[in-house]
Amino acid sequence: MVSKDKVTFSSFLKKFPPIDLPITLTDDMHHTFSKKNDPLSVAMIQAYILAEETEQPDEFTEFIACFKIPKTEKFHAIVYWKAELLTYEYILATYDKKGRLINKRVIAGTKANGEMLERSVATIEEDWIIYCVRGVAPADETNISPSSSQSLHLELLASGEIIVSD
Numbered sequence: 007m008v009s010k011d012k013v014t015f016s017s018f019l020k021k022f023p024p025i026d027l028p029i030t031l032t033d034d035m036h037h038t039f040s041k042k043n044d045p046l047s048v049a050m051i052q053a054y055i056l057a058e059e060t061e062q063p064d065e066f067t068e069f070i071a072c073f074k075i076p077k078t079e080k081f082h083a084i085v086y087w088k089a090e091l092l093t094y095e096y097i098l099a100t101y102d103k104k105g106r107l108i109n110k111r112v113i114a115g116t117k118a119n120g121e122m123l124e125r126s127v128a129t130i131e132e133d134w135i136i137y138c139v140r141g142v143a144p145a146d147e148t149n150i151s152p153s154s155s156q157s158l159h160l161e162l163l164a165s166g167e168i169i170v171s172d
């Protein structure tokens with residue numbers, strides 16, 4: 007495990023450029039981020055993404071820095087993409103000004119279990135409301151039926167907490 011003092015929190019944050027909201031995260035948007043953004047170092051991943059994890063990823067797990075949510079004054083909010091075997095996730099993580107994790111949550115992605123395919127997309131609005139839509143379909147079908155879709159509204163609070171909102 008790499009200690010946090012080998013990489014600074016400010017250098018980690020620089021990997022996440024601020025983005026104009028609203029933005030919608032879809033299956034393949036990580037390609038755009040991987041072309042535009044510098045890669046995260048192993049030390050950064052260990053210090054700021056995996057520090058709070060109970061399970062360490064395998065050597066095939068990939069992380070891509072996506073963006074920083076703008077106009078956060080009391081905290082930092084970033085989105086990164088994590089790819090594991092049959093699971094691809096966009097994760098919203100919030101940190102205090104010293105780099106300590108406040109909260110994190112998967113907001114979009116794709117997950118396959120062999121028989122079923124679960125896809126979710128998320129739109130982050132200017133007011134930090136996050137609209138998530140999730141659908142599940144047999145893995146051999148390309149379209150997900152709207153009747154099998156579920157929606158979830160999340161909210162990013164001024165404290166950095168991520169909550170389910172009504």
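When you read off a place in the sequence shown, starting at 1, and then add 6, the result is the number in my numbering.
Glycine is no exception: its CB is placed at the ideal position from the N, C-alpha and C atoms.
Are there 16 or more other CB atoms within 10 angstroms of the CB of L92, so buried, or fewer, so exposed?
-> exposed
Anyone know if the C-beta pair for K110 and L123 falls short of 9 Å?
-> no
Residue(s) in a DSSP beta bridge with Y137 = T129, H159
Pairing CB atoms from the segment 69 to 81 with CB atoms from the segment 13 to 27, are three or more of them under 8 Å?
-> yes
The beta strand (DSSP E) enclosing K74, as first and last residue numbers | 68 to 74
With burial defined as no fewer than 16 other Cβ atoms inside 10 Å of the residue's Cβ, what is the status of T30: buried or exposed?
-> exposed
Report all residues from its chain with a CB closer than 7 Å to the CB of L163; omit the five preceding and five following residues, and keep chain order.
-> I169
Kindly provide the ranges of any alpha helix (DSSP H) runs that are 4 or more residues long and lie completely inside the segment 18 to 101, ordered along the chain.
-> 35 to 42
Can you have a look at K88 and say buried or exposed, based on whether 16 or more other CB atoms are within 10 angstroms of its CB?
-> buried
May I ask you to report which of helix, strand or coil DSSP gives K12?
-> helix
Where S16 falls, given that 16 or more other Cβ within 10 Å makes a residue buried | exposed
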